[in-house]
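For reference, the structure is listed below as structure tokens.
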Amino acid sequence: MTLEPTDKDKHAGTDEEFVPADDTVVGKAFNGSLVVIAVIGIVITTAIWMLRKPDAPPPTEIDPIAAPQIVTTQAIPPTVAFTDITQSAGIDFVHQNGATGDKLMPETMGSGLAFFDFDNDGDQDLLFVNATHWPESNATDNPTLALYANDGTGTFTNVTVDSGLNVSLYGCGVAVADYNADGWTDVFISAVGENKLFKNNNGQFTDVTTTANVAGDPDEWGTSAAFFDYNNDGHLDLFVANYIRWTRKIDFAVDFKLLGVGRAYGPPTNFQGTFPYLYKNNGDGTFTDVSRDAGIQITNPATGGPVAKGLGLAPIDIDRDGFLDIFLANDTVRNFLFHNQKNGTFTESADIFGLAYDREGSATGAMGIDAGHYRNNDDLGFFIGNFANEMTSLYVSQGDPTLFADQAIGEGIGATSRSMLTFGLFLFDYDLDGRLDLLQVNGHLEEEINKVQPSQHYEQPAQLFWNSGPENRRCFVPVNPDTTGHLAKPIVGRASAYADIDNDGDLDVVFTQPGRKPLLLRNDQQTSNHWLRIKLVGKSPNRDAIGTQIEITTATGIQIRQVMPTRSYLSQSEKTVTFGLGDAATVESLTITWPDSSSQSIKDAKSDQTMELTQE
């Protein structure tokens, strides 16, 4: 890992790495141009019409029509409490961000986590990514990653040393999958500096970064990552987002201040963007960097420099053509949608799909992301957590998988989310009623923010939005924090993930904080709602069945889910898919569409069980 100042530091402040502005306003300029063109067209059309206007017809009598009545349902979220079990569950991890007062940007961005079964005993274990001290520090301790084994009841034991993951690096994101199809889940860690890939050998991890060819440039800052099969050859490829071109010297040159004196943590606006990585899995334990040929390196036409400032990542088949696309949430520059062309290449199409900018034509401070069919129909929604004073984005398909509009306000999350700074967010059915709810984790960048913005606080509570159903005027209802137990405890929230850690059918959650302890919360819902959990085993080499679509039908309708652990911010949730069933005791039909387009169907599956299904 290269954290020492490099030759590139000598160029800090040049056009290449220290930029006065980014393309935040491109969307506004584009929309403004359209407005001007439209106004000119209206003026010309009106003039022509006035010259040719026919005589007005005689008035006709029109029967009065009663105004339509708007009927709304008063939806009240169920009372579900989450209990802080961090200490009692055996989690003693403390994140180390290396902060000593210099206010270097990576210190405040946090690190991710992953739920996965590393030892193949059937329950969800927990891996925390850690950062470390800066090379300039005189610290003598050696912070490492932290792996905790689950005993099946939600009690954990620290097995980091025995597993071989006691590795120190300035870690950020994590992706987990069985990339070599040997039956054991492997671990990729992105970092400030070189990234790392650890091969799982029967529960023991070995660093294979060099031989696998996935270290990346030592001067990059890796963030969210995902294993997925982009070319449908069965092998799991690897996408890695990079944030900004960063060094200590560039950070000091930017010199962000909060109160006019002293340094503070600031936005990435004046840092140059970067290119993400796409690694093709060669099927022999190695990868080839195909980023350039695949079309994911997007440059600013005005400067020729990289545009992306990637933080959140969502691989999903947006148009359901059988090939996975990539949504990349960029911080302060437009979002990217890499639309899979089914020939090994992608076309950046966020503008065309309506996903690049917010409803006002501006780029947002986008961070965490998740996607799902939250209306229980074909409509797809992308949820993106944004900076303070920017509402959470909710892009919803408009009856067309290639056309989206931001409906955060109309769906009930806009106004409530505006005051928070949201990092991790995800969709999950916390009350098992059969509808996907939204949980977002919040926390500011700067400890002193309240001194200049009284409405902002460094520590902020998480927000839970209950899905009341599309039949209601506003789909999402903010849940009263007084009813959610420790979920509403103010923290410096960053990464988040979910899993059923105690095998009771409902989903528990965990949040991380920079330089602090995480928060592990047990879901104590007592709604008596039924559930069904699906664990899939795909054909080799995609044994994880990543990208598989599952659709169930109950008496109340359909639910659609995709097997994809990559979601939220820098993190991975469990691969097992949980369906809430409400009061349905059986699932009328269950259809699995595997990545190779083959399908399997099951009738009348019983509720309240975990089904393991193997591809035929």
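For the sequence shown, our numbering gives the first residue as 1059, with consecutive numbering after it. Glycine is no exception: its CB is placed at the ideal position from the N, C-alpha and C atoms. All of these numbers come straight from a predicted model, not from anything done at the bench.
Checklist entry - Opposite Ala1683 in the DSSP bridges: which residues? => result Nothing in the structure corresponds to residue 1683, since the chain is present only between 1059 and 1674.
Item to check | Rounded C-alpha distance that separates Pro1420 from Thr1405 | outcome: With the sequence shown as reference, residue 1420 is identified as Ser, and Pro is not the correct amino acid for it. Their backbone Cα atoms lie some 21 Å apart in a straight line.
Next on the checklist: In chain order, what are the residue ranges of uninterrupted beta strand (DSSP E) at least 3 long that sit wholly in the region 1361 to 1433?
Outcome noted: 1368 to 1374, 1383 to 1388, 1394 to 1398, 1404 to 1406 and 1427 to 1430
Checklist entry - Going by alpha carbons, who is nearest to Ala1663 out of Asn1388, Ser1629, Lys1367 and Leu1590? => result Leu1590
Next on the checklist: Can you confirm whether the region 1204 to 1224 touches the region 1558 to 1567 when touching is taken to mean that 3 or more C-beta pairs between the two stretches lie within less than 8 Å?
Outcome noted: yes
Next on the checklist: Alpha carbons only, please: which of Val1454, Asp1464 and Gly1457 is nearest the one belonging to Glu1448?
Outcome noted: Asp1464
Checklist entry - Buried or exposed: where does Gly1320 fall if 16 or more other Cβ atoms within 10 Å of its Cβ makes it buried? => result exposed
Checklist entry - Distance, Cα to Cα, Val1391 vs Tyr1337? => result 24 Å
Item to check | Minimum C-alpha distance to Lys1307 - residue among Tyr1288, Phe1329 and Val1298 | outcome: Phe1329
Item to check | Cβ neighbours of Ile1549 in the same chain (closer than 7 Å, five flanking residues each side left out) | outcome: Gly1501, Glu1517, Phe1569, Gln1571 and Leu1577
Next on the checklist: Within a Cβ cutoff of 6 Å, which residues of the same chain sit near Gly1430, ignoring the five residues on either side of it in sequence?
Outcome noted: Leu1485 and Leu1494
Checklist entry - What do you get for Val1510, buried or exposed, if any count of 16 or more other CB atoms within 10 angstroms of its CB means buried? => result exposed
Checklist entry - Just to confirm, are Ile1442 and Leu1395 a CB contact at a threshold of 9 Å? => result no
Next on the checklist: Let me make sure I understand the geometry here. Which of Phe1637, Val1535, Ala1299 and Val1232 has the alpha-carbon closest to that of Pro1135?
Outcome noted: Val1535
Checklist entry - Can we count Gln1571 as close to the ligand NAD, meaning its CB is less than 8 Å from some heavy atom? => result This structure simply doesn't include the ligand NAD, nor any ligand for that matter.
Checklist entry - Counting along the chain, where does the alpha helix (DSSP H) carrying Glu1165 start and finish? => result Pro1164 to Met1167
Checklist entry - Can you tell me whether DSSP reads His1588 as helix, strand or coil? => result strand
Next on the checklist: Rounded to whole angstroms, what is the Cα-Cα separation between Ile1622 and Phe1385?
Outcome noted: Inspection of the sequence shows that residue 1622 is occupied by Met rather than by Ile. Met1622 and Phe1385: Cα-Cα distance of roughly 13 Å.
Checklist entry - Can you name the residues that DSSP bridges to Gln1355? => result DSSP, once it has assigned bridges, lists no residue as partnering Gln1355.
Checklist entry - What number of angstroms, rounded off, separates the C-alpha of Trp1279 from the C-alpha of Gly1292? => result 29 Å
Checklist entry - Does the beta-carbon of Glu1504 have 16 or more other beta-carbons within 10 angstroms, so that it is buried, or is it exposed? => result buried
Next on the checklist: Going residue by residue through the region 1202 to 1282, where are the continuous alpha helix (DSSP H) segments of at least 4 residues, counting only ones entirely within it?
Outcome noted: 1218 to 1221 and 1267 to 1270
Item to check | Ser1146 versus Pro1459 - alpha carbon distance | outcome: 46 Å
Next on the checklist: Taking the beta strand (DSSP E) that Arg1619 belongs to, which residues open and close that run?
Outcome noted: Gly1615 to Gln1620
Next on the checklist: Please state the DSSP three-state secondary structure of Lys1509.
Outcome noted: helix
Next on the checklist: Using CA atoms only, rank isn't needed, just tell me which of Asn1290, Asn1538 and Tyr1323 is closest to Asp1654.
Outcome noted: Asn1290
Checklist entry - So what does DSSP say about Ala1096, is it helix, strand or coil? => result Reliability fails at Ala1096, whose pLDDT of 41 lies under 50, so the model's placement of it is uncertain and no value is given.
Checklist entry - How big is the Cα-Cα spacing for Ala1520 and Thr1541? => result 13 Å
Checklist entry - Residues in its own chain within less than 7 Å of Gly1229 by CB, not counting five upstream and five downstream? => result Ser1169, Val1187, Asn1188, Ala1189, Leu1203, Ile1247 and Ala1249
Item to check | CA nearest to the CA of Val1499, picked from Asp1240, Leu1628 and Asp1383 | outcome: Leu1628
Checklist entry - Can you name the residues that DSSP bridges to Asn1155? => result Its beta-bridge partners do not exist; DSSP assigns none.
Item to check | Within 9 Å, strictly: CB atoms of Ile1592 and Ile1507 | outcome: no
Checklist entry - Is the region 1594 to 1613 touching the region 1635 to 1644, taking contact as three or more C-beta pairs under 8 Å? => result yes
Item to check | Residue nearest to Phe1173 in terms of C-alpha spacing, selected from Met1167, Asp1183, Glu1165 and Thr1267 | outcome: Asp1183
Item to check | Identity of the residue in Phe1440, Asn1340, Thr1332 and Ser1455 nearest Tyr1288 by Cα | outcome: Asn1340
Item to check | Rounded C-alpha distance that separates Ala1096 from Phe1333 | outcome: Residue placement at Ala1096 cannot be trusted, given a pLDDT of 41 that sits under 50; what the coordinates show is reported in the next sentence. Taking the straight line from one Cα to the other gives about 36 Å.
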